Structures are given as structure tokens and as C-alpha cells.
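Notes for the one structure printed next.
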Amino acid sequence: MKQILVLLFSLTSLNLFAQSDNPAIQQTGATANLFIPKGWKQIYSAKGDLNKDNMADEVIIIQNTNPKNIIKNDGMGGAQLNVNPRMILVLFKMAKGYQLKAKNTKFIPTENDTVSTCLADPLQETGAINIKNGALILSYQYWLSCGSYGVTNMDYTFRFQNQKFELIGCDTKSFSRSSGEEDIISLNFSTRKKSETSGGNMFDDKTNKPKTVWKKLAWDRLFTLDEMTEELAEKVSAL
Numbered sequence: 018m019k020q021i022l023v024l025l026f027s028l029t030s031l032n033l034f035a036q037s038d039n040p041a042i043q044q045t046g047a048t049a050n051l052f053i054p055k056g057w058k059q060i061y062s063a064k065g066d067l068n069k070d071n072m073a074d075e076v077i078i079i080q081n082t083n084p085k086n087i088i089k090n091d092g093m094g095g096a097q098l099n100v101n102p103r104m105i106l107v108l109f110k111m112a113k114g115y116q117l118k119a120k121n122t123k124f125i126p127t128e129n130d131t132v133s134t135c136l137a138d139p140l141q142e143t144g145a146i147n148i149k150n151g152a153l154i155l156s157y158q159y160w161l162s163c164g165s166y167g168v169t170n171m172d173y174t175f176r177f178q179n180q181k182f183e184l185i186g187c188d189t190k191s192f193s194r195s196s197g198e199e200d201i202i203s204l205n206f207s208t209r210k211k212s213e214t215s216g217g218n219m220f221d222d223k224t225n226k227p228k229t230v231w232k233k234l235a236w237d238r239l240f241t242l243d244e245m246t247e248e249l250a251e252k253v254s255a256l
């Protein structure tokens, strides 16, 4: 009986300290590193003033390192797929240390994808995070190492207003690595305007004749960083 109790206690302890794919994040900390849960690592970061208090806030993207999330790939692409989840944390600089202001566990794409096994890491080429003119910009690049010449760059712009990070812009730039043909779509959710630029060519100056058309953008409200998901982002970019 004693041996059984010891075994049960051991199994319970393992579960309690198991590497979580959705860990709790502390609300305050002296340094940004203290917000990174055990078993996770920081992969991208940026600093800048996001709330106009003249102090450098910090935004980090962290990734789980659980070996269970590295799976064998029997299809095209690499031999293994790293599907460890990623998380973005927005940390406001305080007089002493940092405060967690926003986080998202469903909007940052994983390194690999089990459906599109040829898809490159969407964050690798862009660096993922940029802070410009007080706004937070998340940048992804989608391209396949097999099966397609298409490349799509996505920039999502969030601004801290109304005490939350609201999505105020989405810019999509698509081009072909084969022909150089280029299309650009820009959505401004603050002004409710959309611009579509087509007819561009990155490789041929003679055929590079871009034309831009402006349209009204039907949009009910501004989404926040906390509620964004990859599925919602697809709907936004399809407007």
C-alpha cells in the first residue's frame, strides 16, 4: 500500500510540474526574463514606448521547448515539425520593473505546420515584432519551400488606446518568386478605408505599372490583441 501511495504521489508531482502549453504568466516582474515560464524561451523582442509615458516598454515572443511538440514528418518538407506553441507578451515599463499589459497564445504561428508541411517559419524572415511611432507591428511572411512560388507578407498594426491594444491596420503584400507580379492591400480600421494596388512587378520595370483603388471598409469595431486568433486574422485579411 505504501509503495502504491508513493507511486501515485510521484505521478501527481510529474503532472503538476509538467511543461504546460498554456502556462500562467505572472503580472509583474523586475525584468522581462521573469515573465518567461519554465520550459519556455524567448525568441524575439522589441523595445519602445507604447503608452506615451516616455519609458521603454518591451514586447517579447516566447516559445515552448517541449520535445513532445516536435513530431516526425512523413510528408514533404523537413524530417521533423516543431509545433511548440508561441506566445506574445506586452510588458509596460514601470518605475520598478514591468507589468504585463497584454498577451496572446493563439495569434502567433508555430515554427512548422502539420497541414502545410512545406511552410517556412512565418517569423524567421521578418523578426516578428516592430515598434514604430508608438504602435506595435506584428509581421509574418508565408511562403512554401515546395509546391508554390507565392510569398505573402502580413503586417498587423496595434495601437494602445482605450486602455487596450486595438488593431488599427492590416497590410498584405503578395508576390510571385517566379514572375515578380505583386499585389498590395492595405486596411485602415480607424478611417474605415481600404486600398488595393495591382499591376506591380518586382522584376520588370517595363511591366511594373501599379494602380491603386480606394474603397470604403465595412467594419463594426476594432479587435484587440488579446482576442486575435489565426482564424480571425484570416477573416480580417480577406476583407
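In terms of the numbering used here, the sequence shown opens at residue 18 and continues consecutively. Backbone N, C-alpha and C define an ideal beta-carbon position, used for all residues, glycine too. Treat the numbers as computed from the prediction; the structure is a model and nothing was measured.
Measuring only the C-alpha atoms, how far is residue i from residue j?
| i | j | result |
| --- | --- | --- |
| residue 81 | residue 51 | 15 Å |
| residue 112 | residue 66 | 14 Å |
| residue 247 | residue 103 | 12 Å |
| residue 73 | residue 152 | 13 Å |
| residue 201 | residue 64 | 28 Å |
| residue 27 | residue 75 | Here the model assigns residue 27 a pLDDT of 40, short of 50, so the residue's position is not dependable, and the following value carries that caveat. Going from the Cα of residue 27 to the Cα of residue 75 covers about 39 Å. |
| residue 134 | residue 70 | 44 Å |
| residue 239 | residue 175 | 10 Å |
| residue 31 | residue 85 | Here residue 31 scores only 39 on pLDDT, less than 50, and its place in the model should not be relied on; the value that follows carries that caveat. Answer to the nearest angstrom: the Cα atoms are 15 Å apart. |
| residue 231 | residue 138 | 32 Å |
| residue 162 | residue 93 | 9 Å |
| residue 158 | residue 254 | 14 Å |
| residue 131 | residue 96 | 12 Å |
| residue 39 | residue 78 | 14 Å |
| residue 167 | residue 228 | 20 Å |
| residue 184 | residue 47 | 29 Å |
| residue 24 | residue 143 | Residue placement at residue 24 is flagged as unreliable, the pLDDT there being 38, under the threshold of 50; the coordinate-derived value follows with that caveat. Going from the Cα of residue 24 to the Cα of residue 143 covers about 48 Å. |
| residue 250 | residue 88 | 26 Å |
| residue 186 | residue 244 | 15 Å |
| residue 36 | residue 57 | 9 Å |
| residue 140 | residue 223 | 33 Å |
| residue 225 | residue 55 | 51 Å |
| residue 164 | residue 114 | 47 Å |
| residue 1 | residue 195 | Residue 1 cannot be examined here, being either before or after the span of the chain that is shown, 18 to 256. |
| residue 123 | residue 206 | 21 Å |
| residue 252 | residue 98 | 26 Å |
| residue 188 | residue 237 | 19 Å |
| residue 29 | residue 233 | Confidence in residue 29 is poor, its pLDDT being 38 and thus under 50, which makes the residue's placement too unreliable to answer from. |
| residue 90 | residue 49 | 35 Å |
Thinking residue i and residue j are a contact (beta carbons under 8 Å), I'd like their distance in whole angstroms, please.
| i | j | result |
| --- | --- | --- |
| residue 100 | residue 129 | 6 Å |
| residue 146 | residue 62 | 7 Å |
| residue 116 | residue 108 | 7 Å |
| residue 44 | residue 53 | Residue 44 to residue 53, Cβ: 14 Å. No contact. |
| residue 156 | residue 172 | 5 Å |
| residue 177 | residue 83 | Not a contact, Cβ separation roughly 32 Å. |
Exposed or buried, which one is residue i when buried takes at least 16 other CB atoms within 10 Å?
| i | result |
| --- | --- |
| residue 256 | exposed |
| residue 199 | buried |
| residue 235 | exposed |
| residue 154 | buried |
| residue 41 | exposed |
| residue 208 | exposed |
| residue 127 | buried |
| residue 210 | exposed |
| residue 118 | buried |
| residue 110 | buried |
Do residue j and residue i count as a contact pair if the criterion is CB distance below 7 Å?
| i | j | result |
| --- | --- | --- |
| residue 218 | residue 197 | yes |
| residue 190 | residue 170 | yes |
| residue 203 | residue 215 | no |
| residue 136 | residue 182 | no |
| request: Go through the segment 50–121 residue by residue and report every complete run of the beta strand (DSSP E) that reaches 3 residues or more, in order. | output: Scanning the segment 50–121 from its first residue to its last, the whole beta strand (DSSP E) runs of 3-plus residues come out as 57–65, 74–81, 87–89, 97–99, 103–110, 115–121.
| request: Output the residue ranges of the alpha helix (DSSP H) runs that lie fully inside the segment 211–237 and measure 4 residues or longer, sorted by chain position. | output: DSSP runs (the alpha helix (DSSP H)) wholly in the segment 211–237: none.
| query | Taking the runs of the beta strand (DSSP E) that are 3 residues or longer, which of them lie wholly in the segment 123–158? | reply | Those beta strand (DSSP E) runs which fall completely within the segment 123–158 and span 3+ residues are 146–149.
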